[in-house]
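Everything in the sequence shown is counted per the working numbering, starting at 181 for the first residue and increasing by one.
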Amino acid sequence: MTDTPDPNDRPSRKRPAIRQSDYERLSEFRHLIRLFLEFSQEKARLAGLTPRHHQALLAIKGYPGGGPVTVGKLAERLRIRHHSAVELVDRICEAGLITRDQDKADHRRVVLNLTPRAEEHLADLSAAHLDELDRIEPMLRRLLRHGDEDGSAPAA
181 MTDTPDPNDR
191 PSRKRPAIRQ
201 SDYERLSEFR
211 HLIRLFLEFS
221 QEKARLAGLT
231 PRHHQALLAI
241 KGYPGGGPVT
251 VGKLAERLRI
261 RHHSAVELVD
271 RICEAGLITR
281 DQDKADHRRV
291 VLNLTPRAEE
301 HLADLSAAHL
311 DELDRIEPML
321 RRLLRHGDED
331 GSAPAA
């Protein structure tokens, strides 16, 4: 699906011993991710969207470079198979949140666009998510900075 490197293909190298504080930092990072995802899912549901619909709308609107988004690009961004993305797009279209349109530059290609209703939902949800990111930013910065405090690189 993508050219994402396989972490198991890295050349072997001697790494420094992993300290208890490294494990704690990784655990805390995963905990913050889970809390943010839980927050996100709840906000989506309160807005009348499924979490997957919200993720798709954000992936379309926030696509890097703002270029046209196809079902294939959406599948890649959501890390799902193409046929699953087709089914998801069908459901989101039926909900009146996106449209399938002919690409103006390449009439053979179909691109996905948000409806005004989806734009409104996404703007509200994104404002709440940005507020939450602002709230947890100090904790994230502390976790990311922590590995450099003793001069060693953070554990990966």
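No residue lacks a Cβ here, since even glycine has one placed at the ideal position from N, Cα and C.
DSSP bridge partner residues for residue i (one or two, in chain order)
{"i": "G198", "result": "For clarity, residue 198 is Ile in the given sequence; the question names Gly instead. Note: I198 sits in no beta bridge, so no partner."}
{"i": "V290", "result": "Q282"}
{"i": "V251", "result": "Beta-bridge pairing links V251 to no other residue."}
Whether residue i touches residue j by CB criterion (8 Å)
{"i": "G247", "j": "H262", "result": "no"}
{"i": "L258", "j": "A275", "result": "no"}
{"i": "V290", "j": "T230", "result": "no"}
{"i": "A224", "j": "D304", "result": "no"}
{"i": "L294", "j": "R280", "result": "no"}
DSSP-derived helix/strand/coil call for residue i
{"i": "D283", "result": "coil"}
{"i": "Y203", "result": "helix"}
C-alpha distance - residue i paired with residue j, whole-angstrom precision
{"i": "H326", "j": "H309", "result": "25 Å"}
{"i": "K241", "j": "H211", "result": "27 Å"}
{"i": "L313", "j": "H233", "result": "20 Å"}
{"i": "D270", "j": "R205", "result": "41 Å"}
{"i": "Q200", "j": "L215", "result": "22 Å"}
{"i": "P196", "j": "D202", "result": "11 Å"}
{"i": "E317", "j": "G245", "result": "25 Å"}
{"i": "L322", "j": "E218", "result": "Going by the sequence as given, residue 322 is Arg instead of Leu. Each residue's alpha carbon lies about 21 Å from the other."}
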